[in-house]
Every structure is written in structure tokens, then in C-alpha cells.
Amino acid sequence: MIKETLVEEIKNCEKLLIGIGEEWKSQEAVDIQVLYDKLGELIQDKDYFIVTTVTDGEIRKSSLDQRRIVAPCGNVSWRQCSKSCTKDIWEQGEIPDDICPHCGQPLTGNTIQAEDYIEEGYLPQWNAYTYWLSATLNKRVLILELGVGFQTPTVIRWPFEKTASINNKAHLYRIHGSFSQLSETVKGKADSISENSLEFLRNL
Ligand SMILES: [Zn+2]
Numbered sequence: 001m002i003k004e005t006l007v008e009e010i011k012n013c014e015k016l017l018i019g020i021g022e023e024w025k026s027q028e029a030v031d032i033q034v035l036y037d038k039l040g041e042l043i044q045d046k047d048y049f050i051v052t053t054v055t056d057g058e059i060r061k062s063s064l065d066q067r068r069i070v071a072p073c074g075n076v077s078w079r080q081c082s083k084s085c086t087k088d089i090w091e092q093g094e095i096p097d098d099i100c101p102h103c104g105q106p107l108t109g110n111t112i113q114a115e116d117y118i119e120e121g122y123l124p125q126w127n128a129y130t131y132w133l134s135a136t137l138n139k140r141v142l143i144l145e146l147g148v149g150f151q152t153p154t155v156i157r158w159p160f161e162k163t164a165s166i167n168n169k170a171h172l173y174r175i176h177g178s179f180s181q182l183s184e185t186v187k188g189k190a191d192s193i194s195e196n197s198l199e200f201l202r203n204l
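Okay, so the sequence shown: first residue is 1 according to full-length UniProt numbering, each after it adds one.
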């Protein structure tokens, strides 16, 4: 029943904010591209923005609109100098030997796991996101949190609760296999669905 309601709410919302978290790491789902594509079909006509903390870069291979995605924790398919001697960031394969052309040290994934994460990789999309978010006030905003736990709650979980609480027309769905609990600030404006978000989408 809640699945039908959710699909109906997607149809009726003006803005759709989606957070993708830990449950979407690709090793936990062999059919991750199928699920990204399914999500893409579900939201294709909507004014959406996706924030993901997953760094495996799989979402970049999906059919989702890349201009509507920000990955603040980075992604491994972008390369940076492991010693951060430069703020340059390269596409995978762009530097054939994966060695920094400036200092000769190995390149590494442009993610928060890097010793010195170069945040310039995601900042242009972050600016696009904050601009998009500023236009959601007083709109019917549907917020979908898919598998976001507590690894980096400052990126999605807590800001999404804030967005839900300050917007009168916002509604949040928090879908997670074990961490779907809601804070007091969003009581009455949010639904908690205690189901693995991949399973939830697969069965939608
Ligand atoms: Zn270097």
C-alpha cells in the first residue's frame, strides 16, 4: 500500500530530492545498473536532484541525468594525485599509466578515502544542487532517502531532515533496512520504511 502511495506522490510532487547511501554500494547488489535504470524510469519526467554518498562511480554509467547528480564523497573513476600536488582531476584512463604528470606519484580515486581529498571534483555540481535546492521552498517537495545510514550523516541524512522540517509542503520517505528511524523534527512529515532500499525499489 505504501508503495502505491509513494508512486502517486512522485507523480504529484513539484520537486523531487533523492539521497542515495550505503545500501547502494555495488558489491551489495549485482543488478545495481538495473536498479539505477528503474529509478531513472520512475523519475524521468520530474524536476529531481540526486545526492549520493556512494563512491564507486556506478551511477555515472547509468541512464540518470548526470546534470542532476552530485557525489560529495567523490568517485573512484575520477583520478587525483595521491599526494595532492595539484587540484587537477582526470577521467579514468586519461592518464594511461595512472601516474601524476606533475610529481610522478601514483594517482588515486578522487574520493573522501584519498589522503587529501580534492573537493574541486564535485563542487561545480554542488553549486548546481544548492541553486536547485533554493528553488524548492514553498514547493511540493518529495524527499526520498534510499539506504542512507550514519556513515556520513552530514551529507544527506541531517540536511534532508532539515529540508523536510523547514518546508511546509515537504514529505520525506526514509527507506533503510536497519536505520529508518525518524528524528523528532520530522515527525508528522515523514514516513519510515524499514526495508532494504534496493529490495524496496526492486519490488516497486
Ligand atoms: Zn602529483
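Just so you know, even glycine gets a beta-carbon here, dropped at the ideal spot from N, CA and C.
Just checking my contact of residue i with residue j at CB under 8 Å: how many whole Å lie between their CB atoms?
i	j	result
Pro106	Ile95	10 Å between Cβ atoms; not a contact.
Arg140	Leu35	Rounded, the Cβ-Cβ distance is 26 Å, inconsistent with contact.
Glu120	Ile89	7 Å
For a quick check, are the C-beta atoms of residue i and residue j less than 7 Å apart?
i	j	result
Ile156	Gly19	yes
Cys81	Thr53	no
Lys11	Thr136	no
Phe49	Leu17	yes
Asp116	Ser84	yes
Ser180	Ser192	yes
Glu161	Thr185	yes
Ser63	Asp45	no
Ala164	Lys187	no
Thr55	Thr111	yes
Short of 6 Å in beta carbon distance, which residues of its chain neighbour residue i, apart from the five on each side in sequence? Order them along the chain.
i	result
Val148	Gly19, Gly21, Ile156 and Arg157
Gly109	Val76
Lys3	Leu204
Val51	Gly19, Val70 and Ile156
Ser134	none
Gln151	Glu22
Please go through the same chain and pick out, in chain order, the residues whose beta-carbon is closer than 7 Å to the beta-carbon of residue i, but skip the five residues on each side of it.
i	result
Trp132	Phe49
Lys61	Gln33
Less than 8 Å between C-beta atoms, sequence neighbours within five positions excluded: which residues of the same chain meet that for residue i?
i	result
Glu91	Ser77, Trp78 and Arg79
Lys169	Asn138, Lys139, Arg140 and Val141
His102	Cys81, Cys85, Thr86 and Asp88
Met1	none
Practice task
State whether the stretch 125-132 contacts the stretch 65-75, with contact taken as three or more CB pairs (one from each stretch) at a distance under 8 Å.
Solution key: yes
Practice task
Return the chain-ordered ranges of every alpha helix (DSSP H) run that is complete within the stretch 27-115 and spans a minimum of 4 residues.
Solution key: 32-43
Problem - At least three beta-carbon pairs within less than 8 Å, the stretch 159-177 to the stretch 131-144 - result: yes
Practice task
Ignoring anything shorter than 3 residues or poking outside the stretch 138-163, list the beta strand (DSSP E) runs there in chain order.
Solution key: 141-146
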